[in-house]
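Participant: Top line first, the protein sequences correspond to chains Y and B.
Positions 1 to 411 (UniProt numbering) are the ones given, in order, by the first sequence.
Positions 1 to 404 (UniProt numbering) are the ones given, in order, by the second sequence.
Let me begin by handing over the structure; questions about it come next.
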Amino acid sequence: MSMTPIPPTGTTPLARREARLAWGLLAPTLISVALVVVLPLLAIFWISVKPIGLADLRPPAPIVREAVRGEGEDLRVEYRVRNSSQDQVVTDVVFTDVIPDSVTVTGDLPEGCALSGDALRCEVGSLEGGYNERIIIGLRAADADAAEDAAEAGEPEVSGTGDNVLTNDTFTLENFARIFDGSEFWGVLGVTLFYTVFGTVGALGVGLFAAMLLNKSFRGQGILRGLYLFPYVAPVIAVAFSWLILFDPFSGSANALLVQMGVTDETINFFGDRPLALIMVTVFEIWRYFPLSFLFILARMQSIDTDMYEAADMDGASPFQKFWYLSLPMLLGILSVLFLLRFIWTFNKFDDIFLLTGGNAGTRTLTVNVYEQAFAISNIGAGAAVAVVIFGCLLLFSVLFFRFISREEGL
Amino acid sequence: MNAIRKGYVTGALIGAVWMVVLAVTVAVAMSFATGAPFRPGMLWSLLWGALAGVAVVGLGRALPVLAGVALAVLAVTLAGIGPILAGPDAGVVARLVGAAILAAALVWSLRGILEEIRPGALTRHEFEEAVIRFLTGTGYIFFTAIVAIPFYVMVMTSLKNQSELIQNPLDFSIDLSQGWDLFRSYAELFGQFNFGTYLLNSFIISVLTVAITLAFSVPGAYAVARLRFRGRAGISRSILLIYMVPMIVLALPIYIAFSMTGLRNSILGIVMIYPVTTIPVALYMLQGYFRGLPGEVEEAGLMDGLSRLQVIWKITLPLSLPALASVSLYVFMIAWNEFLLAFMLLDDPSKFTLTRGIASLNSSEVPRQHLMAGAVIATVPIMALFLGLERFMTKGLTAGSVKG
Numbered sequence: 001m002s003m004t005p006i007p008p009t010g011t012t013p014l015a016r017r018e019a020r021l022a023w024g025l026l027a028p029t030l031i032s033v034a035l036v037v038v039l040p041l042l043a044i045f046w047i048s049v050k051p052i053g054l055a056d057l058r059p060p061a062p063i064v065r066e067a068v069r070g071e072g073e074d075l076r077v078e079y080r081v082r083n084s085s086q087d088q089v090v091t092d093v094v095f096t097d098v099i100p101d102s103v104t105v106t107g108d109l110p111e112g113c114a115l116s117g118d119a120l121r122c123e124v125g126s127l128e129g130g131y132n133e134r135i136i137i138g139l140r141a142a143d144a145d146a147a148e149d150a151a152e153a154g155e156p157e158v159s160g161t162g163d164n165v166l167t168n169d170t171f172t173l174e175n176f177a178r179i180f181d182g183s184e185f186w187g188v189l190g191v192t193l194f195y196t197v198f199g200t201v202g203a204l205g206v207g208l209f210a211a212m213l214l215n216k217s218f219r220g221q222g223i224l225r226g227l228y229l230f231p232y233v234a235p236v237i238a239v240a241f242s243w244l245i246l247f248d249p250f251s252g253s254a255n256a257l258l259v260q261m262g263v264t265d266e267t268i269n270f271f272g273d274r275p276l277a278l279i280m281v282t283v284f285e286i287w288r289y290f291p292l293s294f295l296f297i298l299a300r301m302q303s304i305d306t307d308m309y310e311a312a313d314m315d316g317a318s319p320f321q322k323f324w325y326l327s328l329p330m331l332l333g334i335l336s337v338l339f340l341l342r343f344i345w346t347f348n349k350f351d352d353i354f355l356l357t358g359g360n361a362g363t364r365t366l367t368v369n370v371y372e373q374a375f376a377i378s379n380i381g382a383g384a385a386v387a388v389v390i391f392g393c394l395l396l397f398s399v400l401f402f403r404f405i406s407r408e409e410g411l
Numbered sequence: 001m002n003a004i005r006k007g008y009v010t011g012a013l014i015g016a017v018w019m020v021v022l023a024v025t026v027a028v029a030m031s032f033a034t035g036a037p038f039r040p041g042m043l044w045s046l047l048w049g050a051l052a053g054v055a056v057v058g059l060g061r062a063l064p065v066l067a068g069v070a071l072a073v074l075a076v077t078l079a080g081i082g083p084i085l086a087g088p089d090a091g092v093v094a095r096l097v098g099a100a101i102l103a104a105a106l107v108w109s110l111r112g113i114l115e116e117i118r119p120g121a122l123t124r125h126e127f128e129e130a131v132i133r134f135l136t137g138t139g140y141i142f143f144t145a146i147v148a149i150p151f152y153v154m155v156m157t158s159l160k161n162q163s164e165l166i167q168n169p170l171d172f173s174i175d176l177s178q179g180w181d182l183f184r185s186y187a188e189l190f191g192q193f194n195f196g197t198y199l200l201n202s203f204i205i206s207v208l209t210v211a212i213t214l215a216f217s218v219p220g221a222y223a224v225a226r227l228r229f230r231g232r233a234g235i236s237r238s239i240l241l242i243y244m245v246p247m248i249v250l251a252l253p254i255y256i257a258f259s260m261t262g263l264r265n266s267i268l269g270i271v272m273i274y275p276v277t278t279i280p281v282a283l284y285m286l287q288g289y290f291r292g293l294p295g296e297v298e299e300a301g302l303m304d305g306l307s308r309l310q311v312i313w314k315i316t317l318p319l320s321l322p323a324l325a326s327v328s329l330y331v332f333m334i335a336w337n338e339f340l341l342a343f344m345l346l347d348d349p350s351k352f353t354l355t356r357g358i359a360s361l362n363s364s365e366v367p368r369q370h371l372m373a374g375a376v377i378a379t380v381p382i383m384a385l386f387l388g389l390e391r392f393m394t395k396g397l398t399a400g401s402v403k404g
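See the structure below:
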């Protein structure tokens with residue numbers, strides 16, 4: 001039998017060690033992302049099939065109030081046990097309290113209550129939603145005021161079991177039925193598409209124009225480049241409020257200017273009228289994100305070999321021909337990647353519209369609708385259902401995106 | 001196309017349209033500077049612009065010709081039939097200044113734009129170059145205006161008082177004679193509205209976010225860029241995918257979870273969430289950069305007996321300082337500007353970040369100059385940081401995140 005070296009099959013110990021190290025290095029990221037991204041995403045799917053409102057976030061619980069009333073023979077302590085929820089039952093309600101030494105309990109204890117030493121324990125049973133129960137215990141004390149202070153010094157403790165909608169097994173499809181109901185959903189989808197398509201194309205076009213302007217070296221080019229990044233770098237809340245003040249219908253400079261130039265007779269409510277408000281938020285989106293496309297396009301432009309243009313000059317190509325036949329094909333890759341990325345990001349955009357119009361005047365996009373359903377209408381379930389719809393659209397986009405970007409980038 | 005590629009026709013067309021651009025610009029600038037009504041006269045602009053273009057093409061670009069054109073523009077403007085028309089309350093000096101600026105700007109720029117344009121047929125090259133120069137000029141005016149005006153409105157509004165703001169919305173001038181009194185809105189924000197605390201909160205949260213993000217994403221990016229393991233491509237893709245999940249979708253469950261665990265209204269809660277939103281993008285940018293580093297240096301380090309972690313610490317990190325700087329800057333910007341989570345999760349004024357603080361100023365009881373002063377306070381630090389480190393930012397953003 002001869003010993004021929006056999007090439008290792010499967011994974012070698014070295015490769016295994018490398019893989020272990022890689023997973024070790026990635027672990028913190030993966031765990032945190034799982035906790036903050038994957039878990040909430042699963043939660044969204046769960047919540048979207050639950051009949052849950054903003055008020056249900058806090059499960060129903062019993063609340064007890066203690067008050068000492070009357071004097072002399074009539075001195076008594078009153079416990080008022082109340083259900084925090086208006087419509088859900090709390091069961092097994094029990095409260096305990098300490099009767100101070102300076103007072104003694106007189107008369108019979110109410111049903112369910114027992115006194116051992118100075119510890120009072122009352123079993124109230126179950127409380128219907130919005131219902132409350134009053135328990136009165138007679139007292140005797142030398143000094144009524146001192147007794148009141150002493151009795152009220154110790155807070156009674158209460159416990160009970162409430163049913164939590166978030167974790168029980170009630171499911172409903174009503175949330176989806178509600179958001180797909182009627183023409184509203186299609187209106188919202190239409191607004192979202194308008195905003196996304198025009199916002200993306202506009203930002204790309206304006207960014208391309210700006211990149212061509214700055215794709216030559218002259219003094220002050222760096223300053224201009226920095227200045228043109230301002231809309232992107234400034235906090236959205238700062239620039240959104242600046243726009244609101246600039247375009248204010250009563251005291252905005254833009255309106256004053258237009259009136260004075262004779263463009264319009266009455267002031268225009270830029271962010272309050274349909275369909276102008278939608279156009280304005282789209283323009284804002286273009287204004288805010290053209291710097292990003294401009295940066296990427298400029299970087300690509302500056303990496304194009306100049307030899308090609310010199311050759312084209314020799315052949316007598318005109319400037320427009322050079323742009324159309326040389327620059328544009330070279331930029332097509334970055335333009336399409338930017339288009340897909342911006343398309344998805346614009347689709348996901350929430351802050352801008354929320355700050356500018358709050359989703360009013362026909363500017364409610366899907367993302368604003370999540371907030372609107374969950375917090376304005378206080379229906380968390382419906383908000384989650386809209387979020388699920390958004391996530392579905394996103395999945396569709398990313399399939400397209402990865403098909404494309406793998407070809408473009410070799411990722 | 002051939003019909004307009006004649007010297008006079010091109011000169012007249014470009015002159016006319018350029019005059020409209022200039023007239024609008026000067027009229028808007030004069031209105032804002034003086035508060036008096038100036039407006040562009042469109043038809044007059046087209047007429048005088050065309051004539052000026054023809055004159056420059058036909059008579060050449062010699063100094064006397066340019067001076068003559070300038071004087072003519074000045075004269076027609078002052079006569080009230082020019083490219084910009086002043087309203088009755090505009091003062092004589094303002095009219096004169098406006099007309100002079102327009103005339104000077106016109107001849108100076110027209111001289112450049114129509115540089116190669118002569119009477120007679122033009123080559124395609126000469127014609128297109130002239131159109132491109134015209135578009136370039138228009139572009140510079142357009143971009144500078146759209147960027148500078150909102151920023152200026154922000155600063156100017158913060159320095160005025162309520163009655164000044166209502167009285168004449170067109171008046172963009174700042175009354176410098178008030179001295180330090182100009183900054184009273186800022187003094188009130190820091191004195192009565194706790195903006196000092198907000199500024200500090202924002203700063204602490206942003207710095208912590210940067211630190212945590214780097215601590216998590218550097219090892220992860222190194223693993224994705226350099227180490228071979230099953231599932232590398234999948235990880236690399238999922239990172240991008242996670243970056244695309246909209247914040248509002250995550251904000252809802254996070255709000256619920258934080259409400260239940262009592263993490264709402266705490267800086268700790270915010271610091272737990274912010275880095276996770278930035279880790280994917282930081283990881284993606286860094287792995288792009290690590291891939292571009294030469295592998296030989298690291299292999300030499302491994303040969304000399306360093307462990308992988310030592311290689312990362314002693315070789316890779318020092319080599320990638322520029323990328324680390326740009327990623328830090330970018331993450332700092334995201335954390336500093338973040339609005340949605342701060343808005344949803346913070347209710348207690350002592351825990352507010354700057355963006356949340358500004359949102360709390362947006363009520364009818366707080367005057368607008370306070371709102372804008374808050375906006376300036378939030379914008380200036382990030383802008384200054386950014387302009388100072390702009391080189392890093394541009395490189396890092398473009399080189400790391402989307403190559404090619």
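Quick reminder that beta carbons are idealized off the backbone N, C-alpha and C, glycines included.
None of these values were measured; they are calculated from a predicted model.
1. Could you name the residues of the segment 294–321 of chain Y whose beta carbon sits closer than 7 Å to any beta carbon of chain B, in the order they occur along the chain?
2. By the three-class DSSP mapping on this structure, what secondary structure does Gly117/Y have?
3. Taking the CB atoms as reference points, tell me whether Phe247/Y and Phe270/Y lie closer together than 9 Å.
4. Under 9 Å between C-beta atoms, does Pro329/Y make it to chain B?
5. 9 Å is my cut-off, CB to CB: does Leu411/Y come that close to chain B?
6. In chain Y, which residues lie with their C-beta within 7 Å of the C-beta of Thr355/B?
7. Can you find at least 3 beta carbon pairs, one from the segment 289–300 of chain Y and one from the segment 201–212 of chain Y, that sit closer than 8 Å?
8. Does any CB atom of chain Y fall closer than 9 Å to the CB of Met303/B?
9. Within 9 Å (strictly less), CB to CB, does Val201/Y reach chain B?
10. By the 7 Å beta-carbon criterion, what residues does the segment 233–253 of chain B contribute toward chain Y?
11. Kindly indicate which three-state DSSP category Phe271/Y falls into: helix, strand or coil?
12. Just confirm the distance between the C-beta atoms of Thr104/Y and Leu120/Y, as a whole number of angstroms; I'd bet it's less than 8 Å.
13. Taking all protein chains shown into account, do 16 or more other C-beta atoms lie within 10 angstroms of the C-beta of Thr167/Y, making it buried, or fewer, making it exposed?
14. Can you have a look at Gly196/B and say buried or exposed, based on whether 16 or more other CB atoms are within 10 angstroms of its CB?
15. Give me the subset of the segment 21–33 of chain Y whose CB atoms are less than 9 Å from a CB atom of chain B, sorted by chain position.
16. Compile a chain-ordered list of the residues in the segment 94–122 of chain B whose CB is closer than 8 Å to at least one CB of chain Y.
17. Thinking C-beta only, is Pro28/Y closer than 9 Å to Ala215/B?
18. By a C-beta neighbour count over all protein chains shown, 10 Å radius and 16 as the cutoff for buried, is Lys216/Y buried or exposed?
19. Please report whether the beta-carbon of Gln88/Y lies at a distance below 9 Å from any beta-carbon of chain B.
20. Please confirm whether Ala375/B has its beta-carbon closer than 9 Å to some beta-carbon of chain Y.
21. So, with DSSP's three-state summary, where would you put Tyr140/B?
22. Out of Asn369/Y, Tyr228/Y, Ser32/Y, state which residue places its alpha-carbon closest to the alpha-carbon of Thr144/B.
23. Just the chain B side, please: which residues come within less than 8 Å of Met280/Y by C-beta, in chain order?
24. Please classify Ala242/Y as buried or exposed, where buried requires at least 16 neighbouring CB atoms within 10 angstroms.
25. What's the call for Met303/B, buried or exposed, on a 16-neighbour Cβ count within 10 Å?
26. Whose CA, out of Ile132/B, Ile149/B, Trp48/B, lies closest to the CA of Ala103/B?
27. Check for me: the alpha helix (DSSP H) holding Asp145/Y runs from which residue to which?
28. Three Cβ pairs or more, each shorter than 8 Å: is that satisfied between the segment 385–397 of chain Y and the segment 178–196 of chain Y?
29. Identify whether Thr106/Y lies in helix, strand or coil by the three-state DSSP scheme.
30. From the DSSP output, in three-state form, read off Phe95/Y for me.
31. For Phe134/B, count neighbouring Cβ atoms within 10 angstroms of its own Cβ and tell me buried if that reaches 16, exposed if not.
32. In whole angstroms, what separates the C-alpha of Pro40/Y from that of Ile254/B?
33. Note down, in chain order, each residue of its chain lying with its Cβ closer than 6 Å to the Cβ of Leu78/B, except the 5 sequence neighbours on either side.
34. Say whether chain B places a C-beta atom closer than 9 Å to the C-beta of Pro51/Y.
35. For chain Y, find out if any of its Cβ atoms is closer than 9 Å to the Cβ of Val331/B; answer yes or no.
36. Using only alpha-carbon positions, find the residue among Ile212/B, Glu128/B, Arg226/B, Ile312/B that is nearest to Glu18/Y.
Facilitator: The answer reads as follows:
1. Leu295, Phe296, Ala299, Ser318, Pro319, Phe320
2. coil
3. yes
4. With 9 Å as the cut-off, Pro329/Y does not count as an interface residue toward chain B.
5. With a pLDDT of 40 at Leu411/Y, under the threshold of 50, the modelled position of that residue is not reliable, and the figure given next carries that caveat. It does; some Cβ of chain B falls within 9 Å.
6. Pro235, Ile237
7. yes
8. no
9. no
10. Ile235, Ser236, Arg237, Leu241, Ile242, Met244, Val245, Pro246, Met247, Ile248, Val249, Leu250, Leu252, Pro253
11. If DSSP states are grouped into helix, strand and coil, Phe271/Y belongs with coil.
12. So it is not a contact: roughly 12 Å between Cβ atoms.
13. exposed
14. Burial call: exposed.
15. Leu21, Ala22, Trp23, Gly24, Leu25, Leu26, Ala27, Pro28, Thr29, Leu30, Ser32, Val33
16. Listed by position along the chain: nothing, the set is empty.
17. yes
18. exposed
19. no
20. yes
21. Looking at Tyr140/B - three-state DSSP - the assignment turns out to be helix.
22. In terms of Cα proximity to Thr144/B, the closest of Asn369/Y, Tyr228/Y, Ser32/Y is Tyr228/Y.
23. Taking a Cβ-Cβ threshold of 8 Å, none of the residues of chain B is close to Met280/Y; the smallest such distance is about 13 Å.
24. Residue 242/Y is actually Ser in this sequence, not Ala. By the 10 Å Cβ count, Ser242/Y comes out buried.
25. exposed
26. Trp48/B
27. 144–153 is the span of the alpha helix (DSSP H), which, as asked, contains Asp145/Y.
28. yes
29. strand
30. Phe95/Y sits in a strand when the DSSP states are folded into three classes.
31. buried
32. 7 Å
33. Ala99
34. With a threshold of 9 Å between beta carbons, Pro51/Y makes no contact with chain B.
35. No, Val331/B lies away from the interface with chain Y (no Cβ there is under 9 Å from its Cβ).
36. Minimum Cα distance to Glu18/Y is reached at Arg226/B.
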